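Undergrad:
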Amino acid sequence: MTDSVSIWQTLGFRKANGVGEAGWGRTLVVAIVSLIYFLPVLFIIFTSLKPQDAALNVPPTLVPTSFFGLIPDQFVFTPTLENFGSVFERSMTAGGPPEATGFDRYFFNSIVIATVSVLLALAIGTLAAFGFSRYPLKGNDTYLFIILTTRMLPAIVVIIPIILMFRVVGLSGSYTGIILLYTAFNLAFTIWMMKSFFDELSLDVEDAARIDGSSGMKVFFKICLPQVIPGLAATFVFGLILTWNEFLFALLLSGPDTRTVPVAMNQAVASGGRGTDWTLLAAIETLFLIPVFLVTFFLQNHLLRGVTFGTVKR
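Be aware that the sequence shown starts at 1, since it is given in this note's numbering, and climbs by one per residue.
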């Protein structure tokens, strides 16, 4: 047994003894698994850096550098940033002059619509979740289940009545309409997730504050809300990802001025009548990944605490 343990320790796998730093063996395993999961994203990024004629080469060009001669030249391509410039300005017809594509507007629309709708859902849903957690109604679970059912139906099932309602009230193609729709569909997720965070909080501090004369709103804002900041961050990130990637509602309910990037990608699939420009599509996808990546990166500490709430102590 002693020899077996010493062998594992030699390979960098330290004996589990509470919480501590992993050895280089576990670190190497995690790095390999992470790389496997990241390979599709890495493939998109590398494709966005390729010249168009190199995207479908056989054998495929894989990396932009030979890593000091370790990779054969036939698998190496010369990177270019031309595809990223083509996202915003390119020729729409074969041999035609470069024209603005409007993707700057589409990225702006995606950022504004996703951010505003998620923040609205977070503000309304957090208050509702606190109410369900601290002031339960008769049949509380039934009401929560009814709220959850709004996320159970596929979008294609509810899109027809939503289109008809939007036309009647004049919200089709407007920022207000698409933001309110995304807010409504994010509310169920927000309420359920935030309620679980409020349920984990101790009631002793809240009771003490009420005895001292604090109102319900003061208890919420001064005592409860600061304790669930990791939950707010986790809910914000998950809601942002869901809204950022949404396609069907944006396709059928947005207008030329409110179109988001997922919808605009359809127009970029065929470039200048020369078939699918995979490098251009990869460049759009790479730019599309950056905002969510940055938000997740800067909120990663809160996100880790949020998704493990109740199991990992401060």
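Even glycine gets a Cβ: it sits at the ideal position worked out from N, Cα and C.
Because the structure is a prediction, the values reported are computed rather than measured.
For P98, write down the residues that DSSP places opposite it in a beta bridge.
TA: S91
Undergrad: Looking at C-beta atoms only, is the number of pairs between the region 221-231 and the region 191-203 that lie closer than 8 Å three or more?
TA: yes
Undergrad: Based on DSSP bridge pairs, tell me the residues matched to V63.
TA: In the DSSP output, where bridge partners are listed per residue, V63 has V76.
Undergrad: Helix, strand or coil, according to DSSP, for E82 in the structure here?
TA: helix
Undergrad: Below 8 Å CB to CB, which residues in the same chain sit around V219 once its five sequence neighbours on both sides are set aside?
TA: Excluding residues within five positions, the ones whose Cβ falls inside 8 Å are E206, A209, R210.
Undergrad: Flag this pair as yes or no: are the beta carbons of N301 and G239 separated by less than 8 Å?
TA: Between N301 and G239, the CB-CB gap reaches or exceeds 8 Å.
Undergrad: Which two residues bound the contiguous alpha helix (DSSP H) that contains L240?
TA: Run containing L240: 229-245, per the alpha helix (DSSP H) assignment.
Undergrad: Is DSSP giving P51 helix, strand or coil here?
TA: coil
Undergrad: Please report the straight-line C-alpha distance between F77 and I179, rounded to a whole angstrom.
TA: One C-alpha to the other measures close to 42 Å.
Undergrad: Note the first and the last residue of the continuous alpha helix (DSSP H) segment covering T183.
TA: 175-200
Undergrad: Can you name, in chain order, every residue of its own chain whose Cβ lies under 7 Å from the Cβ of K313, other than the five neighbours on each side?
TA: Because K313 sits at a pLDDT of 47, beneath the cut-off of 50, its placement in the model cannot be relied upon, and the following sentence gives the value as read from the coordinates. So no residue of the chain qualifies.
Undergrad: Would you kindly work out how many angstroms separate the C-alpha atoms of T126 and G216, rounded to a whole number?
TA: 14 Å
Undergrad: Would the region 48-64 count as touching the region 75-90 if we require 3 or more Cβ pairs under 8 Å?
TA: Yes, the region 48-64 is in contact with the region 75-90.
Undergrad: So I320 is in the alpha helix (DSSP H); what residue range does that whole segment cover?
TA: Residue 320 cannot be examined here, being either before or after the span of the chain that is shown, 1 to 314.
Undergrad: With DSSP as the reference, label S172 as helix, strand or coil.
TA: S172: coil per DSSP, three-state reduction.
Undergrad: Closest by CA to V118, which one among V41, I159, T183?
TA: Nearest in C-alpha terms to V118, of all of V41, I159, T183, is T183.
Undergrad: Cutting at 8 Å between CB atoms, please list the residues of its own chain near L303, excluding the five before and the five after it.
TA: P230, A233, A234, V237, T296
Undergrad: To the nearest angstrom, how far is the alpha carbon of T176 from that of Q227?
TA: 32 Å
Undergrad: On the CB-based measure, 16 or more other CB atoms within 10 Å of its CB, does W24 come out buried or exposed?
TA: The residue in question, W24, is exposed, as its Cβ has fewer than 16 Cβ neighbours within 10 Å.
Undergrad: Please state if the CB of V87 and the CB of I284 are separated by a distance shorter than 8 Å.
TA: In contact: I284 and V87 (Cβ atoms closer than 8 Å).
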